[in-house]
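Asker:
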Amino acid sequence: MRAPDTHLLGDYLKDRRARLDPAALGYPPGRRRTPGLRREEVAQRANVSATWYTWLEQGRGGSPSNEVLDRIARALMLTELEREHLFLLALGRPPAIRYQANDSITPRLQRVLDALEFSPALVKTATWDVVAWNRAAAAVLTDYGKLEPAQRNVLRLMFGDPRVRAHQADWESVARFVVAAFRLDAARAGAAHSVQALVEEMCERSPEFAALWRDQEVREHGEGTKLLRHPVVGLLAMEYSAFTIDGRSDLSMVVYHPATPEDAERVRQLIRSSALQS
3 MRAPDTHLLG
13 DYLKDRRARL
23 DPAALGYPPG
33 RRRTPGLRRE
43 EVAQRANVSA
53 TWYTWLEQGR
63 GGSPSNEVLD
73 RIARALMLTE
83 LEREHLFLLA
93 LGRPPAIRYQ
103 ANDSITPRLQ
113 RVLDALEFSP
123 ALVKTATWDV
133 VAWNRAAAAV
143 LTDYGKLEPA
153 QRNVLRLMFG
163 DPRVRAHQAD
173 WESVARFVVA
183 AFRLDAARAG
193 AAHSVQALVE
203 EMCERSPEFA
213 ALWRDQEVRE
223 HGEGTKLLRH
233 PVVGLLAMEY
243 SAFTIDGRSD
253 LSMVVYHPAT
263 PEDAERVRQL
273 IRSSALQS
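Sequential numbering from 3 applies to the sequence shown in the working numbering.
#1: According to DSSP, what are the bridge partners of Ser243?
#2: Pull up the CB-CB distance for Glu84 and Arg185, whole angstroms please, since I reckon it's below 8 angstroms.
#3: Is DSSP giving Arg178 helix, strand or coil here?
#4: What number of angstroms, rounded off, separates the C-alpha of Thr108 from the C-alpha of Val257?
#5: Tell whether a beta-carbon distance below 8 angstroms holds between Glu119 and Ala141.
#6: Between Leu115 and Trp135, how many whole angstroms is the CB-CB distance? I'm expecting something under 8 angstroms.
#7: If we count the other Cβ atoms within 10 Å of its Cβ and call it buried at 16 or more, is Gly12 buried or exposed?
#8: Hey, could you find the ends of the beta strand (DSSP E) Leu124 is sitting in?
#9: Should the stretch 233-241 be called in touch with the stretch 258-275, which here means at least 3 C-beta pairs below 8 angstroms?
#10: Please return the same chain residues whose Cβ sits closer than 8 angstroms to the Cβ of Asn155, not counting the five positions on each side in sequence.
#11: Mapping DSSP to helix, strand and coil, what is Asn155?
#12: Taking 7 angstroms as the limit between beta carbons, can you name the residues of its chain near Leu80, skipping five residues before and five after?
#13: Look at the Cβ atom of Arg178, then the Cβ atom of Leu214, and state whether they are nearer than 8 angstroms.
#14: Quick check on this structure: which residue in Glu43, Val70, Trp173 and Glu59 has the alpha carbon closest to the alpha carbon of Asp23?
#15: What's the C-alpha gap between Ser208 and Pro66?
#16: Below 8 angstroms between beta carbons: does that hold for Leu58 and Leu15?
#17: So His259 and Ser121 are supposed to be a Cβ contact under 8 angstroms. How far apart are they, rounded?
#18: From Gln46 to Leu10, what distance separates their C-alpha atoms?
#19: Whose CA, out of Glu206, Pro263 and Tyr242, lies closest to the CA of Gly162?
#20: Would you grab the beta carbon distance between Ala244 and Ser254 for me? Rounded to a whole angstrom, and I think it's under 8 angstroms.
#21: According to DSSP, is Ser251 part of a helix, a strand, or is it coil?
#22: Rounded to whole angstroms, what's the CA-CA distance from Ala77 to Glu203? Just pull it up for me.
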């Protein structure tokens, strides 16, 4: 956590205040010495003292609470990115994440996946629902397009689909990793409460999941090597890397790449075969 910067905070508040249209917010236009709202009007909208807000803009208001900063952000009609910047300036840290479930991705992000012709890649939510994938992922990992949306969940597949289980060279190790990384991802995205129903479902359906969940283990998804027993080409070694998607704390992308030239040829073989069948 970095130290707050009261002078930059004051400049930022004044700039955001100047950008607001008084008439659009129901204030009489009248004669104003500067553009935007007056300080007392922002204070009124944020339900704070006009004197204290003035001090805050002047860099001498002290450290505001999370609740007060949220009220000021709403009063100034800040976007989520602007709200984050406000917290960084005022408190030296970002605000607590407000998880909002949204399983949509942009066409541009899908084109990024599709451009990875021989590298299986997918996008998953904080609840580990797979919401986008490329042709290589369908050929090498799972053909998610043939599954109902509710079944495109990594936990449901890992603990409930015998075919996915059989594909893992070391299922027990992979299952432990999946549960630990899922727990950390959900917490980081502020989705711990949102995943509760899924966790309860998985605990009822799978004693193995329930035991791993009780362990309270957390792990970074990060990067590593995954071994797959593919029913067509045999053992595959795939290096993987996980990436967060800027501006979408609820989404992450995982990209797999063949670990050796031999693995790369097997992946190409699978992709060519799936293209002929489609």
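Every residue, glycine too, gets a C-beta built ideally from N, C-alpha and C. All of these numbers come straight from a predicted model, not from anything done at the bench.
Answerer: This is what the structure holds:
#1: Here the question's residue 243 lines up with position 241 in the sequence shown. For Ser243, which the question treats as bridged, DSSP gives the partners Glu225 and Val257.
#2: In the sequence shown, counting from the first residue as 1, residue 84 sits at position 82. In the sequence shown, counting from the first residue as 1, residue 185 sits at position 183. Contact flag wrong, Cβ pair sits at about 31 angstroms.
#3: As a first step, residue 178 is located in the sequence shown; it is residue number 176 there, counting from the start. Residue state, collapsed to three classes: helix.
#4: Walking along the sequence shown from the start, residue 108 turns up at place 106. Walking along the sequence shown from the start, residue 257 turns up at place 255. When rounded, the distance between both Cα atoms is 18 angstroms.
#5: Along the sequence shown, one-based indexing puts residue 119 at 117. Along the sequence shown, one-based indexing puts residue 141 at 139. Result no, Cβ atoms of Glu119 and Ala141 do not sit closer than 8 angstroms.
#6: Here the question's residue 115 lines up with position 113 in the sequence shown. Here the question's residue 135 lines up with position 133 in the sequence shown. Indeed, because the Cβ distance is near 7 angstroms, the residues count as touching under 8 angstroms.
#7: Along the sequence shown, one-based indexing puts residue 12 at 10. Under this definition Gly12 is a buried residue.
#8: One-based indexing of the sequence shown puts residue 124 at position 122. First-last of the beta strand (DSSP E) with Leu124: Ala123 to Thr127.
#9: yes
#10: What you label residue 155 is simply residue 153 of the sequence shown in a count that begins at 1. These residues qualify, in order along the chain: Thr129, Trp130, Asp131, Val132 and Leu200.
#11: For the purposes of this step, residue 155 is identified with residue 153 of the sequence shown, where counting begins at 1. Asn155: strand per DSSP, three-state reduction.
#12: What you label residue 80 is simply residue 78 of the sequence shown in a count that begins at 1. These residues qualify, in order along the chain: Arg18 and Leu88.
#13: As a position in the sequence shown, residue 178 is number 176, starting the count at 1. As a position in the sequence shown, residue 214 is number 212, starting the count at 1. Contact: yes.
#14: Taking the sequence shown and counting its residues from 1, one reaches residue 23 at position 21. Checking every option, the nearest Cα to that of Asp23 belongs to Glu43.
#15: Taking the sequence shown and counting its residues from 1, one reaches residue 208 at position 206. Taking the sequence shown and counting its residues from 1, one reaches residue 66 at position 64. Taking the straight line joining both Cα atoms gives about 46 angstroms.
#16: For the purposes of this step, residue 58 is taken as the residue at position 56 of the sequence shown. For the purposes of this step, residue 15 is taken as the residue at position 13 of the sequence shown. Their beta carbons are under 8 angstroms apart, which means Leu58 touches Leu15 by this criterion.
#17: On the sequence shown, position 257 is the one that residue 259 refers to. On the sequence shown, position 119 is the one that residue 121 refers to. With 8 angstroms as the limit, His259 and Ser121 qualify as a contact, their Cβ atoms being about 5 angstroms apart.
#18: Against the sequence shown, residue 46 aligns to sequence position 44. Against the sequence shown, residue 10 aligns to sequence position 8. Their Cα atoms are separated by approximately 23 angstroms.
#19: Position 160 of the sequence shown, counting from 1, holds the residue named residue 162. Looking at the Cα atoms, Glu206 is the closest of the given residues.
#20: Here residue 244 refers to the residue found at position 242 when the sequence shown is read from its first residue. Here residue 254 refers to the residue found at position 252 when the sequence shown is read from its first residue. With a Cβ gap of about 6 angstroms, Ala244 and Ser254 count as contacting.
#21: The sequence position of residue 251 within the sequence shown is 249, counting from 1. DSSP places Ser251 in strand when its eight states are reduced to three.
#22: Translated into positions along the sequence shown, residue 77 becomes position 75. Translated into positions along the sequence shown, residue 203 becomes position 201. So the alpha carbons of these two residues sit roughly 41 angstroms apart.
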